[in-house]
Each structure stands twice: as structure tokens, then as C-alpha cells.
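The structure appears below as C-alpha cells.
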Amino acid sequence: MSDHRTVLSLRGATKRFGGLIAVNNLDFDVAEHEVLGLIGPNGSGKSTTLNLISGALTVSGGTISLNSQIISTLPAQQITRRGVARTFQLVRLLPSMTVFENVMAGAVFGHRRRWGHEAEAHVMRMLELVGLDRRAHAHPSELTYIDTKRVELARVLVGDPKVLLLDEWLAGLNPTELEEGISLVRKLRDDGRTIVLVEHVMDAIRSLCDRCVVMSSGVKIAEGATDAVLNDPEVIRAYLGEDDA
Amino acid sequence: MGILITGLLLGGTYALIAMGLNLQYGMSRIMNLANGEMLVAGGFAAFWFWTAGNVSPLLTIFLLAPVAFFVNWLIYVVILRPLVKRAKSRGQLEVDAILTTFGLSFVAVGLMLATFGGDYFSYQYLLKPVELLYDTYSLNRLVAFLAAVVICGALYLWLNHSRAGMSTRAIAVAPDSARLVGINVPRLSALAFALGGAVTAVGGALISTFLTLDASTGVIFTLKALIIVIMGGVGDVRGTIVAALMLGILETFVARVIDPGLTLAAAYLLFILILLFRPQGLFGRKQT
Amino acid sequence: MNKSTYSDVLIGVVLLALAACLPWVVGDFAVTLAVNIAMFTVLATSWALFSGPTHYISLATAAFFGLGTYTAGIGLDYLPFWVLIPLAGVFGAVMAGLIGLATLRLSGVYFVIFTLGLAEMTRQVITYIQNATGQKGILISIWFMETTFYWMLVGLAAVIFLVGWLIGRSRLGFALRIIGDDEDVARHSGINTALSKVLLFMIPGAVAAMTGAMMAPRYGYIEPLIAFTPMLSFQVVIMALLGGTGRLWGPIVGVIPFSILWELISASFPNQTTLLLGLCFLAIVYLLPNGFVGLLLKIRARVSQGEGF
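Residue numbers (my numbering), protein chains in the order written: chain A, 1312 to 1556; chain B, 54 to 341; chain C, 16 to 324.
As C-alpha cells, then:
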């Protein structure tokens, strides 16, 4: 694991909203092919961190690099072109287009840009991967919640991103759907994808992530192997402390 | 120096007009392109009362404000609220509001043409010179300015210190959160829109004391009000006032030193500069 | 993406050929009306190419048109007419590019406001320049028959339909549909939204300018109020929205009835045109938000649902 090269790197990443410091001097690396869990209690700054990486927000300080090239100064569309893809907490599908066209959007403009027959074939392959190949011509309004999530996942995968950011992708699923979701992410891991997983569902973290970074109030409080981190007294205190409040 | 003070006087009155639009766009989220026509209508009313009954515009205002309030309230509830309900996104609401108020502005111009004809109208009111700081100014501009100051001041106090006013500001900043806190968003939106319309009409009455208006000049005032609101930062009262004063001074400067026909171009230049370098306006928040 | 097929192209070609034959079949008055219809078809279709997918309402048509008219008026002393048309197109594209760069990064409201006053402001500037230089209006010395104007416009319309068709099948067209649906998703998918919008906006800019240049000899005498008719922008918007911007053939479906209606109304109620224009805007927003195209698509969907599948 340590001889895999670093794909994503945060050095001193900071985000200030007026007087509030949402992310404070964050350092961590993501290695190729690893699934990194980014966890912490509510309001710890996990989603803000993803927003900084994907370019939805600009850093107030520090740098974020992709394959040793700084991306924190680039606009979101260029960061996506360089190879960072993300899902949103609230699934956003393009309302006027079919499932197929939604995924096509990622194929045409994503990191690996394709067009024509090559793109269409790749889109079908992605739809097969997420299990939606038979519903390629359905409309977003006709889909179940987990199916809309699958579409979004296909849309971000089809561009062959270098890093995949999943922002609470497993939230809001019933137990059956959750199992399906976890096995889908496991399939991605087995395919060798590099993933940063922001989650509250601990089962998913335990079964999918080898390493975790724990944040609390914008600061990293722990980093390391999942089991070790989840048994770390400070981590437990951070979560329980939040329960007290 | 004369330019500065004349500009300030003009700007003060502009501030009142822009405040009306600020209430409508900033608080009710309706980009009211018919704003200028409401202004002209206010001016017409003042003109009519003065020429027909020698009633001072300053008195006409007291009748005009509630009538304009009611009319605008009706417009919001009958014509605009269905759009708010129908819109699936904020962007679509903006487009619908723009097209609708655009249509309304034409209807208003058409009605005014039919009622008052297409001639320019102006009247002599308080056309007495006043000595101030070694220069002569027209009393009507001064009075209009003072009235505008009083009204703007009252609005500022209301928005910042009264419950209704602060609730109105809340719906501008965070409409969804406002609803959660128990603020009646639909009712306050209608209130803000109606108030904005009343303020604009009053501003029109004041402006008519020293400017010549006609049925078709509404659009230019709409443009200027829009430029001021955007320049000052949407929803921000201080910003609107500062921007209005700046525009007033710039216009007066251009009119005196370069050419009176280029005032709109000058306002536009200012607008372009703002859009290029600070689109959120002087006091606005940056959109993430 | 592939919203039209090659059979649609064939239909389009046939219709255009038929349209071109029109002057041989009808009388002079009809040809004059046909010129107006053709002109508005060109303007409305190119308008819809941009404002349709992006939902940015452009009121700048009159400004570009005037730019083209003046290019022809001033340029006729130096260049042949046939060079001036594409030259006007270039000027229009450049002006559109500049406006786009300044305003399209921001939300649609800024764009609408800016374009609202653009024609008025340009007119003021030109009036000022004319007063300063002492030159009143420009006399155009060349003259064409109505049928020539008609064919020029049909030719330009053919080009626009072709361009629109190509864009619809291109990456740019796809990008714009995505932007129109959800601009944030578009950005996160890797689309340079600002650039796409600016590039597309140059099309109606260039086309309107070329149309203005083409129409200059028809006016004969150019002065600011003639070249920059404010009504033009509003009429184009109404016609395009009436027909519907969802399809390439949408605007023309709005142009034809509206042009005829407008002729009738301006003849019978010349003083109420502004009022009626306003009522049309309101009627469209409330009754036909997606134009005739939207209505047609809704009926078709309901019919196919009724037939069952």
C-alpha cells in the first residue's frame, strides 16, 4: 500500500466563512487504488473538504494537488477535466434528459472525453456496471431514489476519473438498498478505483475503507487504519461529545 | 462643487426610486421591469393634481402612497404570485418574472399613452432659486432631496429596527430558513413588493417636480434603478443609497461637462465596470 | 442529442426550396409581407439558438441589427455591398463576444438588464456622434427589388437552419442543453459554461448584424431611430417564445401568425400597439410558456398515452 503513488494531496487546506473556520489546516494524502474514509461528527467540515477538492469552494489557504499538480486555484470545470469527479449530497440529475443522456454528459465532458459511438458504448458499459442498462431510456422522474443515485454514479464514473469523491452517497437508503450500494462501491474498489468516501454509515466505512481520516470542528484528529481509528479514544470522544451537545 | 451638490441632490432622489426596486427584487425576488412605469405614473399623478387643483406634490404623496401600495399589492397577488407557485427553480421564476413585468410595462405604457397622450409633461413647482454654499440651486430639487432623505431614513429604520422590517430582510437573505422560523414568506413578499411600488411612485412624484417626463421614459428609469440596485448590492440599503449618489454625481458631471445626451451611456459604463470587477456590488455578498 | 434525423433535413430542404419559389406565385403585397416574415424568421430562429437552451433572454437584437445597418450605411462608400454583409457579421460576433464575456459569467438577470438598455444606449451614443460631427443621416445609394431582399433572407435562413441543425448534433449543443438544465452540474461535469455561452451568443449577434446590413438598402435613409427600433427586440422575443424554443422549427411557427396579426393590428389600431404587445407577452407567459412547440409536444404525449403502449 505504501508503494502506491499519491494521487491526491492536501497541505494546510483551510476554508474560512467570515469568522467561522470550517476547515483548519488540513493535511492528508490519498494513494492510488485506495478507498479513504473521511469521517467525523456533523459539522466537522467533511463536506466542505470535498467541496474544496472538487472546486465548488475556493480554499482560503493551503493547497490541494492532484498528481503533484496544484488544483486548488482552478475552477470546478477544470478540476473535473483533470480527473476529480464527485457526487452530490442531494442527487442532481438533468431533468429534461433520459438516464442515457445524463450519463452521456459525463462521458462527453469528463476527464476522458469521448464522442459518438465510442461514447455511447462506454455509457452502456457504465449503465451495466451500476445495473441500469435496461432503464437507459427512462426519465429521472420515473426512477426510485437508489436508481437516481446509480445514474449519478454512472455519470461520474464514465469519464474515467482519477479520484472519485462520494459525498454521503449511501445516505437515505433502506437496508436492502444499503447492501446493494455497499456491494456496488466494493465492486468499484475491486476495479482499482481511487475513492474518498464521506460517510456516516459506519458499516460501510468498516467494510470498504482500509484507511480513515477523522475530522472534528474542521481539524483532523486522527488518521490511520480503519479499525485503529474507530477505536481511538479521541475519535470516540468527538462523536460522543457531539451526542452530549 | 456645484456639480457635486447637484449630483447629490439628484442622487438622493434616485436612491428613493432604487429603494423601491430593491424592495421588490431583493426581498420579493421579483425583477420588476415595470418599475419605471410606476414611477412615471406617480409623476403623472403629481402633475395632474398640481395642474388641476394646485395641490402640492408633497401633499399628493400622501394620497399616492397608499393607492400605489394597494395597486402593487394587487399586481403581486393576482399576477405574480401564480408564477412564484408555478416556478420549479429560482432561475425559471426570474425568467417568468422578467417576461411578465416586461409585458406589464408595455401594458402600462399603452394605458398611459391612451389616458395622457404621448406628450411630454412638466410643471413649474417651487422653481425658486436657493443660495447654498456660494452656488444657486433650484428649490424643487432641494425639497425633493429632503423628502427622499426622510423617506429613505424611515425605510432604513423600519428594515433594521422593526419586526416586520427585519423579517422582510430575512426572507431576502434566506427564504427557506425564514419559513422555518415562522415568518410568513408569501405575505411578506407581497408586502415588500407593494411597499416597493409605493416608494417608487412617491419617488416619481418627487422627480416630476424638476424633471420632464412622458409615457415612454419609464424604461430609462428602470434601467437606472436596476444599475443602482446591482451596483449597491442587491438587498442592501446602504449600498443602494451610496450607489444612487454616485450615479447622480456621475450623471450630473457628464451632463454638464461632456454632453447631456450621454448620461445613459455613462451609467452603462459604470454598470459594465461593476459587472467586470465586482458583480456582487459594493456591499453585496459574493455568490459561491 | 440526435433530436432530428436526416429525413428532417430533407423536409427542411424541400420547404426552403418551396419558400424560395414564393415570389413567382404571389403578388407584390404578399412579397413585402413575406420579406418581413423572412426577416423575423431569421432573427427569431437565431435568437432561439442561444436563448432557448440557456434561458438567458436576450433583448439585444435591435442593437446588433442597428450595428449591421450602420456598417452597411457607412461602409458602402468604401466596400461593395456583398463584402459588407459578412463584415457586419464579424462586427456583430465581436460585439456579442464582448457583451458575453462581461455578462454571461453571471446570472441571467444581469444579462437581460444589460441587453435591455443596449439598443437605447447605442442609439444615444450614435445620436451624440452625429450631432458632434454635424452629419444627420446616411443616404443609401443602392437599391434592390423586394424579391432580392426576400431571397437574401431565405438564403440566410437556410444557413441558420443548417448551423442550428449542426449545433444540435454537436458537443456544443449538448453542453448548452446541460447548462440549461443545471449549470452547476454542467460545471462539475467538466463543461466550461462561460465559454460555451459566449460562443453560442455570437451566433445571434452575427446574424442580427448581417440582417441589419442586408436591410439597409430597404430603408434607404439611415438614422438612429430607424436603425435601432426598440420594438424589434421585443417582437423577436415574442415570436420566438410564441412558437417555442424547444425545436429548431419552433420560432418560425410563431413568426408567421404574429407577423400577420401585427400587420392587421398596426393598420387598425396604430395607437394601441404598445398595449397589445404587452398583452401578448402576458398571454404567452401564462398560457403558452413553452410556445406552440410545447403545446404540440404535450398533445402528442397525451395522444400516445391514450393509445396505450
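Here a beta-carbon is modelled for each residue, glycine too, at the ideal position from N, C-alpha and C. Values in this document were obtained by computation on a predicted structure and should not be read as measured data.
- Contact between the region 36 to 56 of chain C and the region 104 to 114 of chain C is absent: fewer than 3 CB-CB pairs across the two stretches fall below 8 Å.
- Chain-ordered listing is empty here: chain B has no CB closer than 9 Å to the CB of asparagine 207(C), the nearest sitting near 18 Å.
- Within chain B, Val272, Ile273, Leu276 and Leu317 have C-beta atoms less than 8 Å from the C-beta of glutamate 135(C), given in sequence order.
- Contact between the region 161 to 175 of chain B and the region 286 to 298 of chain C is present, with at least three C-beta pairs closer than 8 Å.
- The criterion of a C-beta distance shorter than 9 Å is not satisfied by valine 270(C) and serine 61(C).
- Of the candidates Leu303(B), Gly95(B) and Met80(B), Gly95(B) places its Cα closest to the Cα of valine 120(B).
- Taking the Cβ atoms as the reference, glycine 1366(A) lies roughly 4 Å from alanine 1387(A), within the contact range of under 8 Å.
- By the C-beta density criterion, phenylalanine 176(C) is buried, having at least 16 other C-beta atoms within 10 angstroms.
- Annotation for serine 1376(A): no alpha helix (DSSP H) segment contains it, though the beta strand (DSSP E) segment containing it runs 1372 to 1377.
- Counting the other Cβ atoms within 10 Å of the Cβ of glycine 1503(A) gives fewer than 16, which makes it exposed.
- The C-beta of glutamate 1429(A) has fewer than 16 other C-beta atoms within 10 Å across all chains shown, which makes the residue exposed.
- Phenylalanine 44(C) sits in a helix when the DSSP states are folded into three classes.
- At a beta-carbon threshold of 9 Å, none of the residues of chain A lie near serine 122(C); the nearest stands roughly 17 Å away.
- Between arginine 1504(A) and chain C, the shortest Cβ-Cβ separation is not below 9 Å.
- Neighbours of phenylalanine 189(C) across chain A, judged by C-beta separation under 7 Å: Val1419.
- Taking the CA atoms as reference points, phenylalanine 1328(A) sits about 26 Å from glycine 218(B).
- Under the three-state reduction of DSSP output, cysteine 1523(A) falls in the strand class.
- Annotation: serine 261(B) to glycine 314(B) spans about 19 Å, alpha carbon to alpha carbon.
- In the displayed model, asparagine 1336(A) falls within a strand according to three-state DSSP.
- With a 10 Å radius around the Cβ and a threshold of 16 neighbouring Cβ atoms, serine 22(C) comes out exposed.
- Using a Cβ-Cβ cut-off of 7 Å, histidine 203(C) is close to Ser1365, Ala1387, Thr1391 and Arg1397 of chain A, given in chain order.
- Contact annotation: leucine 92(B) and glycine 73(B) have beta-carbon atoms nearer than 9 Å.
- Taking 8 Å as the upper bound on Cβ-Cβ separation, chain C lies near residues Leu1405, Pro1406, Ser1407, Met1408, Glu1412, Met1415, Ala1416 and Gly1417 of the region 1405 to 1418 of chain A.
- About 6 Å separates the beta carbon of isoleucine 193(C) from that of isoleucine 206(C), a gap short enough to meet the 8 Å contact definition.
- DSSP lists Ile153(C) as the beta-bridge partner residues of isoleucine 237(C).
- Across the structure, alanine 75(C) and leucine 133(C) are spaced so that their CA atoms are roughly 6 Å apart.
- Only Gly156, Leu157, Ser158, Phe159, Val160, Ala161, Val162, Gly163, Leu164, Leu166 and Ala167 from the region 156 to 171 of chain B bring a Cβ to less than 8 Å from some Cβ of chain C.
- Judged by pairs of C-beta atoms under 8 Å, the region 76 to 86 of chain C touches the region 212 to 228 of chain C, as three or more such pairs exist.
- Just so you know, the alpha carbons of alanine 1533(A) and glycine 1394(A) end up roughly 27 Å apart.
- Using a Cβ-Cβ distance cut-off of 8 Å, the region 292 to 309 of chain C and the region 245 to 261 of chain C are in contact, since at least three pairs of beta carbons, one from each stretch, lie closer than that value.
- Under the three-state reduction of DSSP output, phenylalanine 284(C) falls in the coil class, being neither helix nor strand.
- Comparing C-alpha distances from threonine 1369(A) to each of Leu1405(A), Thr1325(A), Phe1339(A) and Leu1337(A) shows the shortest one belongs to Thr1325(A).
- The beta carbon of glycine 314(B) falls within 9 Å of a beta carbon belonging to chain C, placing the residue at that interface.
- By the criterion of a C-beta distance shorter than 8 Å, isoleucine 144(C) is surrounded by no residue of its chain, once the five residues flanking it on both sides are discounted.
- Counting along the chain, aspartate 1501(A) sits inside no beta strand (DSSP E); it lies in the alpha helix (DSSP H) bounded by residues 1486 to 1501.
- Between the alpha carbons of leucine 335(B) and glycine 285(B) lies a distance of about 5 Å.
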